[in-house]
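Novice:
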Amino acid sequence: MTHRHPHGNIFYRRMAQDHPLIVRGEGVYLYDQDGTRYLDGSGGAIVANIGHGVQRVAQAIERQTSQVAYIHASMFISEALERYCEELAKICPLPDPKFYLLTSGSEAIEAAIKLARQVQVERGHSERYLTISRWGSYHGVTLGALAVTGKAKMRKLYQPMFVDMPHIPPPYCYRCPFGLAPLECSVQCAIALEEEIIKQGPENVAAFLAEPVGGATLGGIVPPPEYWPIVRDICDRYEVLLIADEVMTGMGRTGAWFAIQHWDVQPDIITIGKGAAGGYFPLGILAARGELVDLIAGGKGEFNHGGTYSHHAVGATAGLATLEYLWENNLVEEVARKGRVLERLLEDKLTNFEWVGDIRGMGLMWGIELVQDKESKSPFDPRLHLSQKIADEAFQNGLIIYPGSGSVDGERGDHFMLGPPFTISDSQMEEMVDILAISLQFVGHASARPLIPTQSR
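Each residue of the sequence shown is one higher than the one before, counting from 48 in my numbering.
What follows is the structure in structure tokens.
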């Protein structure tokens, strides 16, 4: 049976693509109705942190729905919500953190932007409304999230519909936006924040929003070690709130509970999503310093943001069961170890491919950027859709990866990401990278110039 447009009544996102029907998930593997097995090398969209088919999570959700599935957050709370927030507080780097449960990362970003604005108003700065973000970023699909997203082709269609926000260059050392060498740059990418605040007028800026490690648009870029401490200092000096978008990186993906912890920096607000419930329930979370929530409590008395499914009891249950699974199996510590293994595998098996320009990442979140020439770093023509071709070939070989494009300027630039479940074994990581290498080689043979490894130098 064909699962694509126009067959059936599903509104498919990609209408020219066939979609195998998945009937089972187990660990790092998915199985379709024909018995084909897929190694989930990207956890879907970097979501399936604890792997597929974890029965204790499914059973916890079943128990909660049999007790009570839905209550309105403006009137009631659930025991699951109370317990989950207490446990989240133990791992969150914010002082006296408060958590607002939502249903997606995009919604968490929207709520974070609104919270920053409301906090500034409560502080007596009603003129502060701008949220500065970065080019080469992805923060969600809703209009407010697109306004701060820094990917041109995602913004273009809807740009007339949203209030645009200022952007600064990212800490993209492989392609330094300032044309500087890493040891000579004085971390200009961080200093650019201060310059933009001054340009916009400090009295107009409410917050700075960024991913601690670059996500889908730039594919795992890791900033220089000085970057985040400098950013924190700039935000403090200009009374700008710092929002860390940890939707992809949070809950252990980089080998720490939150990626921002690698630089010993405390933001004011954190957004969480994707792996928070491991894909077992749609869950996004807004986390804020307690003092910010206290400020609102002593002022207006309510957060000017609500949703039908806010603080959902089943979402809290799924999140708590996922968090307990991470704890009990020491999976965050395992991510740090496995990340070092995966880095070696990628370096050993992919570095010598002629068109692999950069391998970057942390923990179990890695990006591989493709270039025409390693010396010039020139990108491929975007009409080739090279990263998608490689993802399609890997899919045919039983591996799921996460293709990306636009890393150079929002239009040009090909990369793909790996973000497997934390439960992946060393041998499964080797299987994953081997399939990837075979797929690169096949696409290379089918292209004008082969993607075959050159001789080691």
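C-beta: ideal position from N, C-alpha, C; glycine also.
Identify whether residue 416 lies in helix, strand or coil by the three-state DSSP scheme.
Specialist: strand
Novice: Do you know how far the Cα of residue 426 is from the Cα of residue 375?
Specialist: 44 Å
Novice: Where does residue 28 land, buried or exposed, given buried means 16+ other C-beta within 10 angstroms?
Specialist: Nothing about residue 28 can be reported from this structure: the residues present for the chain run from 48 to 504 only.
Novice: Determine the DSSP secondary structure at residue 202, reduced to helix, strand or coil.
Specialist: helix
Novice: CB-CB under 7 Å to residue 435, same chain, minus the five flanking residues each way: which ones, in chain order?
Specialist: For residue 435, where only same-chain residues beyond five positions count, the Cβ hits under 7 Å are 450.
Novice: Buried or exposed, going by whether 16 or more other CB atoms sit within 10 Å of the CB of residue 168?
Specialist: buried
Novice: Hey, would you say residue 10 sits closer than 9 Å to residue 136, going by beta carbons?
Specialist: Given a span of 48 to 504 for the chain in the structure shown, any question on residue 10 remains unanswerable.
Novice: How far does the beta strand (DSSP E) with residue 317 in it extend, from its first residue to its last?
Specialist: Its beta strand (DSSP E) spans residues 316-319.
Novice: Mind checking residue 355: buried by the 16 CB within 10 Å criterion, or exposed?
Specialist: exposed
Novice: Measure the alpha-carbon distance for residue 283 versus residue 261 and round it to whole angstroms.
Specialist: 23 Å
Novice: Can you round the beta-carbon distance between residue 190 and residue 201 to whole angstroms, since I take them to be within the 8 Å contact cut?
Specialist: At roughly 12 Å, the Cβ-Cβ gap does not stay under 8 Å, so residue 190 and residue 201 are not in contact.
Novice: Could you give the DSSP three-state label for residue 476: helix, strand or coil?
Specialist: helix
Novice: What beta strand (DSSP E) runs, 3 residues minimum, are completely inside the region 445-490?
Specialist: Segments of the beta strand (DSSP E) lying fully in the region 445-490: 449-452 and 461-465.
Novice: Go ahead and label residue 96 buried or exposed: buried means 16 or more other beta carbons lie within 10 angstroms of its beta carbon, across all protein chains shown.
Specialist: Flag for residue 96 reads buried.
Novice: How many Å lie between residue 417 and residue 481 at the Cα?
Specialist: 17 Å
Novice: Among 177, 437 and 67, whose alpha-carbon lies nearest the alpha-carbon of residue 50?
Specialist: 67
Novice: Taking all protein chains shown into account, do 16 or more other C-beta atoms lie within 10 angstroms of the C-beta of residue 124, making it buried, or fewer, making it exposed?
Specialist: exposed
Novice: Since residue 293 sits in a beta bridge, which residues does DSSP pair it with?
Specialist: 319
Novice: So, are the CB atoms of residue 156 and residue 186 less than 9 Å apart?
Specialist: Residue 186 sits close to residue 156, with the two beta carbons spaced by under 9 Å.
Novice: Go to residue 73, then tell me how far its beta strand (DSSP E) extends in each direction, as first and last residue.
Specialist: 69-73 is the span of the beta strand (DSSP E), which, as asked, contains residue 73.
Novice: Does the distance from the CB of residue 289 to the CB of residue 254 come in under 9 Å?
Specialist: yes
Novice: Provide the residue(s) that pair with residue 332 in DSSP beta bridges, ordered along the chain.
Specialist: 148 and 319
Novice: What distance in whole Å lies between the Cβ atoms of residue 409 and residue 322, which are believed to be in contact at a cut-off of 8 Å?
Specialist: Incorrect: roughly 14 Å between the Cβ atoms, too far for contact.
Novice: Within a Cβ cutoff of 8 Å, which residues of the same chain sit near residue 445, ignoring the five residues on either side of it in sequence?
Specialist: 83, 84, 85, 86 and 482
Novice: Is residue 413 close to chain C? Criterion is C-beta to C-beta, closer than 9 Å.
Specialist: Given the protein chain composition of this structure (a single chain), no chain C is represented.
Novice: Is there contact here, the region 138-153 with the region 304-313, by at least three beta-carbon pairs under 8 Å?
Specialist: yes
Novice: Among the residues of its own chain, which have a CB less than 7 Å from the CB of residue 20, if the five just before and after it don't count?
Specialist: Here the chain covers residues 48 to 504 and nothing more, so residue 20 does not appear.
Novice: Taking only three categories from DSSP, how would you classify residue 211?
Specialist: coil
Novice: Among the residues of its own chain, which have a CB less than 8 Å from the CB of residue 349, if the five just before and after it don't count?
Specialist: 343
Novice: Quick check: the region 391-400 against the region 225-244, are there 3 or more CB pairs under 8 Å?
Specialist: no
Novice: Less than 9 Å between the beta carbons of residue 90 and residue 414, yes or no?
Specialist: no
Novice: Using the Cα positions of residue 165 and residue 430, report the straight-line distance between them to the nearest angstrom.
Specialist: 43 Å
Novice: Secondary structure at residue 404, three-state DSSP: helix, strand or coil?
Specialist: strand
Novice: Apply the 10 Å Cβ neighbour rule to residue 363 and answer buried if 16 or more other Cβ atoms are within range, or exposed otherwise.
Specialist: With 16 or more other Cβ atoms inside 10 Å of its own Cβ, residue 363 counts as buried.
Novice: Leaving out five residues on either side along the sequence, give the residues of the same chain with a beta carbon under 8 Å from the beta carbon of residue 373.
Specialist: Residues 96, 97, 298, 299, 379 and 469 of the same chain have their beta carbon placed closer than 8 Å to that of residue 373, with the five preceding and five following residues left out of the count.
Novice: Buried or exposed, going by whether 16 or more other CB atoms sit within 10 Å of the CB of residue 204?
Specialist: exposed
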